[in-house]
Amino acid sequence: MIGGALYLRSVEKDIDRVDAFADVPEEGRPQAVANGAMNILILGSDSRDPESTGGSRTDTIIVAHIPKDRSSAQLVSIPRDTWVNVPKAKNGGHGGRDAKINAAYAWGGIPLMVQTVESFTTVRIDHVMIVDFAGFKEIIDALDGVDINAEKSFTSIHPPFRKFEQGVQRMDGETALDYSRQRKQFADGDFARIRHQQQVIKAILDKAVSGGIVTNPGRLNSFVKATSSAVAVDEKMSLVSMATDLRSLRGRNLTFVTSPTKGTGRVGSESVVFANTEKAKTFYDAVRRDSVDEILASAK
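Note that this note's numbering numbers the sequence shown so that position 6 is 708, with each residue one more than the last.
Right, here's the structure in full:
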């Protein structure tokens, strides 16, 4: 572990850094969690998705809650089409009205996204990580593949039209990335895509912490290089500290949930996801108080 930490420290300077909080007004932000818990906003885009329409909206929004005791992690996916109030950007250009939550990224970049997520969840964001899901291919290949349990048999809608069989299967990077993009063959559409992304992320984290990466210099080098090219973090986030804090974490202690919703509908010409505000209030209050049992109970 010491050798792995020293290696991470040597390459951490090569990780891209973003000023995520400079334009986030301190006034009105939720109070910081005082007991040592941490909340990380993970924003993901898929720059090579065949269905991408371009633009700068983020495809994936996850609030990762790391409890004080660091024995588990709860990752909360917020559907990208969730209808929320987007605060006015500090530059006064956009926002100040209701819209899909991912519009905040297009209108005001990461700072407005932080503001919007904090306003919606009432949870203070401590750190930000930006992930290009297209880079997951190299990360997964550096791990020698990941095991994914497909919920049903289906054929990809993207060339080369892979066939996925129901059940557990080992996937290389290209196959897992294709799997994470599938939604049109499922009745719940984008919620299926969220589930698939959650599966892939969990498989990566599980393999990374339990697959002997830290003790294998060659695999560690490939994994860190692939990760550093696919990830950017805020200026104060230390990957070394994070790796040390979470060194005992295993896949069985990672829980993925979706922010409470009432389902889909339309606002004007837009197809949106409506938040279940009453249930969300209880859920995010548990996150804010670092009450893991209540987080898990409220998510059901």
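Heads up, the beta-carbon is just placed ideally off N, CA and C, and yes, glycines get one too.
Here's the rule I'm using: 16 or more other beta-carbon atoms within 10 Å means buried, otherwise exposed. How should A791 be labelled?
Taking the first residue of the sequence shown as position 1, residue 791 is located at position 89. With 16 or more Cβ atoms within 10 Å of its Cβ, A791 is classed as buried.
What is the DSSP secondary structure of G869, counted as helix, strand or coil?
The residue given as residue 869 occupies position 167 in the sequence shown. Residue state, collapsed to three classes: strand.
Residues near V695 by beta carbon distance below 8 Å, same chain, minus five either side
One cannot answer for residue 695 here, as it falls past the ends of the chain, which runs 703 to 1002.
Using only alpha-carbon positions, find the residue among I768, S971, V969, A910 that is nearest to D846.
Translated into positions along the sequence shown, residue 846 becomes position 144. Among I768, S971, V969, A910, the Cα nearest to that of D846 is on A910.
Between the stretch 777–791 and the stretch 973–987, do at least 3 Cβ pairs fall closer than 8 Å?
yes
For L922, name the three-state secondary structure that DSSP assigns.
Here the question's residue 922 lines up with position 220 in the sequence shown. L922 falls in the helix class under three-state DSSP.
Any contact of the stretch 763–774 with the stretch 937–954, i.e. 3+ C-beta pairs under 8 Å?
yes
Where does D880 land, buried or exposed, given buried means 16+ other C-beta within 10 angstroms?
Here residue 880 is taken as the residue at index 178 of the sequence shown, counted from 1. Counting Cβ neighbours within 10 Å, D880 comes out buried, since at least 16 surround it.
CA-to-CA distance, V848 to D716, given in whole angstroms
Translated into positions along the sequence shown, residue 716 becomes position 14. Translated into positions along the sequence shown, residue 848 becomes position 146. Rounded to the nearest angstrom, the two C-alpha atoms are 26 Å apart.
Note down the Cα distance separating E867 from A852, rounded to an integer number of angstroms.
Position 165 of the sequence shown holds residue 867. Position 150 of the sequence shown holds residue 852. Answer to the nearest angstrom: the Cα atoms are 7 Å apart.
Would you call the stretch 878–893 and the stretch 922–934 in contact, with 3 or more CB pairs under 8 Å?
no
Rounded separation between P752 and H860 - CA only
Working through the sequence shown from its first residue, we reach residue 752 at position 50. Working through the sequence shown from its first residue, we reach residue 860 at position 158. Confidence is the limiting factor: at P752 the pLDDT is only 47, short of 50, which leaves the residue's position unreliable, though a coordinate-based value still follows. So the alpha carbons of these two residues sit roughly 7 Å apart.
Own chain partners of V726 with C-beta closer than 6 Å, once the 5 adjacent residues on each side are dropped:
For the purposes of this step, residue 726 is taken as residue 24 along the sequence shown, with counting starting at 1. Result list for V726: P813, V816, Q817, in chain order.
Fully enclosed by the stretch 803–871, which alpha helix (DSSP H) runs are 4 residues long or longer?
805–823, 838–844
With H898 as the anchor, note down where its alpha helix (DSSP H) starts and where it stops.
Translated into the one-based positions of the sequence shown, residue 898 becomes position 196. Its alpha helix (DSSP H) spans residues 892–912.
Across which residues does DSSP place I717 in a beta bridge pair?
Taking the first residue of the sequence shown as position 1, residue 717 is located at position 15. Answer by DSSP bridge pairing: none, since I717 is not bridged.
How many Å lie between R750 and T979 at the Cα?
Reading the sequence shown from its first residue, position 48 is the one you call residue 750. Reading the sequence shown from its first residue, position 277 is the one you call residue 979. Any reading at R750 must be qualified, since the residue scores a pLDDT of 49, below 50, and its modelled position is unreliable; the value itself is stated next. Taking the straight line joining both Cα atoms gives about 34 Å.
Out of curiosity, what's the CA-to-CA distance linking Q899 and N793?
Position 197 of the sequence shown, counted from the first residue, corresponds to residue 899. Position 91 of the sequence shown, counted from the first residue, corresponds to residue 793. Approximately 33 Å between the Cα atoms of the pair.
So, with DSSP's three-state summary, where would you put G965?
Looking up residue 965 in the sequence shown gives position 263. Three-state DSSP puts G965 in a strand.
Any idea which residues DSSP pairs L777 with across the strands?
Start at 1 with the first residue of the sequence shown, and residue 777 comes out as number 75. Beta-bridge pairing links L777 to A766, F958.
Coarse secondary structure for G756, derived from DSSP in three states:
Along the sequence shown, one-based indexing puts residue 756 at 54. Because the pLDDT of G756 is 45, which lies under 50, any placement of that residue in the model is unreliable, and the number read from its coordinates should be weighed accordingly. Of the three classes helix, strand and coil, the one that applies to G756 here is coil, per DSSP.
One or two residues paired with I742 in a DSSP bridge:
As a first step, residue 742 is located in the sequence shown; it is residue number 40 there, counting from the start. BP columns for I742 point to A766, H829.
Among F863, F985, T877, M939, which residue has its Cα nearest to the Cα of I841?
Locating residue 841 in the sequence shown gives position 139, where the first residue counts as 1. Nearest option by C-alpha distance: T877.
Cα-Cα, which of G810, K886, D761, A739 is closest to T857?
Reading the sequence shown from its first residue, position 155 is the one you call residue 857. Closest option to T857, Cα to Cα, is K886.
What would DSSP say about V735, mapped onto helix, strand or coil?
Here residue 735 is taken as the residue at index 33 of the sequence shown, counted from 1. V735: coil per DSSP, three-state reduction.
Just tell me which of V969, D987, V989 has its CA closest to the CA of D800.
Taking the first residue of the sequence shown as 1, we reach residue 800 at position 98. Cα-wise, what sits closest to D800 is V969.
Helix, strand or coil: how does DSSP classify E680 here?
Past the edges of the chain, shown from 703 to 1002, lies residue 680, and the structure says nothing about it.
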